[in-house]
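Notes to accompany the following structure.
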Amino acid sequence: MECVAKKLEDVFSKEELHHLMWKKPSFAQIELTRNCNQSCIFCFANCKAGVKEKDSSLEKWKQTVDKLEKLGVSKIHYTGGENFLYPYFTEILQYTKEKGFCVQVNTNGTIAIDKTLPFVDEYVFSVHGLGEVHNAIVKKENAFALVEKNIKKAAEAKKIIHINMVLVKSNFDHFEEVYEYFASRYPIKSFSPTFAAISNNGTHFEEERIPIHRKNIEKYFEGLKKIGKENLTLKHGLYALFEYEPSLIERKYPIELPICAAGKDKLIIKYDGSVYPCNFFLNKDYYCGNIFTEDEQEIWQKGKGFAPFREMILEEKIPEKCKACQNKRCFSGCRVWTKNYIEGGKKIDYERDIRCEIAHAFVGNGDYQSM
Amino acid sequence: MISLMCNPKMSYLKKEDCYAIYVQYNLYFLQGEAAKLFTKVLQGKQDVPQSYLKFLEEKHILQKAA
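In the order they appear, the protein sequences are chains E and L.
Under this note's numbering, residues 1 to 371 are what the first sequence spells out, in order.
Under this note's numbering, residues 372 to 437 are what the second sequence spells out, in order.
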C-alpha cells in the first residue's frame, strides 16, 4: 500500500494547534511586594516609596511556586514593587531555584544583591539615565551609583544582565549613551529602551510622556540601529521596527500567533495572589482567579481574563485593515497602544495599535498610507 | 547510558496516528515511522534507535533526566 505523506494542517485544525500552543504557560511574573523605595515618575504599577502594603507569607509563595511547577511553567520572573523589600526574598528565590526554575529578578538595584546571587539566573536592572538624570526620574538621590554597584556585582558573579530603560521626555535623547556606558563596562546581555506606556492602573505622567508620532518613532529607530538589534529586547511588539525577522521573533510554525503573550504564554500574579493576563489589564473584567486559593489548571484553562486575548486569535478579531496586511501576524499589535486604552478605556479594543497607524512602527507592511 | 525524559515545556496532540508537538515556540509534525517511534518513547519502551532519541533531544522534545 502506498504511503501518502500528510501535512500538519491536514490533520490538525487551526484551533487545535492554537490550543496546543497555549496548553501551558512557559513563564509567570510574580509581584512579590507592592512596596518600593523609589517613586519613578512613570510607574505602571503605581508603587511609591513610603506607601506600605502588607505582603503575603513565604508559605503562600512557596505553594504558588509548587503550583506553577505543576502547571508546566519553566521560568519565574519576580517583579514588583522592589523585590528586595520583601522580607523573605532570598528564601523564596532559593526555593524557586531548587525546584529547577529559571529565575529572573527585576530590581532597581538600590539594595545589595549579594545574598541572592546563588539563586538567580538573570537580573533585570532598571536604569533610566546616567547619573542625575536617573536619580531625578526615580526620585532618589544616589540611586544611579547604587544600581551600578549592583550591576558590577552581578557581572562579577557571571550572571545574565539585562537593563530596562523606560523612555520619557527627559531621557529620550540619551538612551544610546546609557547603552554605551554599560555595554562598554559590563557584559550586558540585552538592553530594553521602552516608551513609557500609559497604564489605567499606573502613575500619571502626562508632562513627561513622549508623544508618539512619526518623527519620534524614526528617532527611536535610528538609536536602536546604532545599538544593534542583537543587543536589544524590544517590548510591546516593537521588534517589527526591524521588519519581520525570524531570527528575532523565532516563529517557525505554520500558523500565526501574536507577539503578545497574554493568555498564551504567561501569567501575571499580583502580591495578593490574584492572576491577570497582562500588567496593563488589571481590572475585574480580566481577573482570572487567585493562585493562593484556586486550582492552577482551572485558572489557566478557564480564567475569564485570558479569554479575550485568545478569542482575538481564534476568531480573528482584528480590523479589516489589519486582515489586509501581509504581516498580520501581529494581530493588530499591543492592546495597550490602542487609542481606546490610552484614552482610559478599560476593555480590550480590537482597533489597530496606534504606532502602526501613525508611523508603521508595528508589524504593518509599511504601506500604511494606502491601507 | 544517558537517561532521557520528556521536556516539561513540551506539549503534544495525537490524531490520525500523527503527532503535533509544541516546544519552545516551535511546532513539529510527526507521522509514519517517526510517530510510531514517538509513541514508543511516550510508553517508555526501550527499542527506539539512539539516532531518533538524539533527534528528539536536539529538538528539545526530550531532555536529560536529572
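In this text, a Cβ means the ideal position worked out from N, Cα and C, and glycines have one as well.
Only a predicted model underlies this, so the values are computations on that prediction, with no experimental measurement involved.
- CA-CA distance, residue 314/E to residue 78/E, rounds to 30 Å.
- In the three-state scheme derived from DSSP, where H, G and I count as helix and E and B as strand, residue 422/L is classed as helix.
- Across the structure, residue 302/E and residue 384/L are spaced so that their CA atoms are roughly 20 Å apart.
- Within chain L, the residues whose beta carbon sits less than 7 Å from that of residue 11/E are 386, 387, 389, listed in sequence order.
- Excluding the 5 residues flanking it on each side, residue 26/E has same chain C-beta neighbours closer than 7 Å at 73, 74, 75, 265, in chain order.
- The Cβ atoms of residue 290/E and residue 305/E do not sit closer than 7 Å to each other.
- 170/E is the residue among 225/E, 175/E, 170/E whose C-alpha sits nearest the C-alpha of residue 210/E.
- Residue 376/L carries a strand assignment under DSSP once its states are collapsed to helix, strand and coil.
- What residue 190/E touches in chain L, judged by beta-carbon distance under 7 Å, is nothing: the nearest beta carbon there is about 17 Å away.
- Exposure of residue 214/E is indicated by the presence of fewer than 16 other C-beta atoms within 10 angstroms of its C-beta.
- The beta carbon of residue 205/E lies closer than 6 Å to those of 41, 42 in the same chain, with the five residues before and after it left out.
- For residue 77/E, the uninterrupted beta strand (DSSP E) run begins and ends at 75-79, by DSSP.
- Contacts with chain E at 7 Å (Cβ-Cβ) do not include residue 409/L.
- The beta-carbon separation of residue 154/E and residue 161/E, rounded to 5 Å, stays under the 8 Å limit for a contact.
- If the five residues before and after residue 6/E are omitted, its C-beta is found closer than 7 Å to no C-beta atom of its own chain.
- Within its own chain, the residues whose Cβ lies closer than 6 Å to the Cβ of residue 124/E, once the five positions on either side in sequence are excluded, are 106, 162, 164, listed in chain order.
- Bounds of the beta strand (DSSP E) holding residue 106/E are 102-107.
- Excluding its 5 nearest sequence neighbours in each direction, residue 47/E has C-beta neighbours in its own chain below 6 Å: 34, 36, 81, listed in chain order.
- Nearest to residue 121/E by C-alpha distance, out of 98/E, 141/E, 136/E, is 98/E.
- For residue 397/L, the enclosing beta strand (DSSP E) begins and ends at 397-401.
- Three or more Cβ pairs closer than 8 Å define a contact, and the segment 53-63 of chain E falls short of that threshold against the segment 9-17 of chain E.
- Just so you know, the alpha carbons of residue 196/E and residue 376/L end up roughly 43 Å apart.
- In this structure, residue 115/E lies away from residue 96/E, with their beta-carbon atoms at least 7 Å apart.
- Under DSSP, residue 381/L shares a beta bridge with no residue.
- Around the beta carbon of residue 104/E, a 10 Å sphere encloses 16 or more other beta carbons of the protein chains shown; the residue is thus reported as buried.
- Nearest to residue 380/L by alpha-carbon distance, out of 201/E, 229/E, 337/E, 23/E, is 23/E.
- One alpha carbon belongs to residue 296/E, the other to residue 118/E, and they sit about 28 Å apart.
- Per DSSP, reduced to three states, the secondary structure at residue 234/E is coil, with no helix or strand assignment.
- Using a CB distance cut-off of 7 Å, residue 426/L does not count as an interface residue toward chain E.
- Residue state for residue 219/E is assigned as helix, using DSSP reduced to three classes.
- In the three-state reduction of the DSSP assignment, residue 174/E falls in the helix class.
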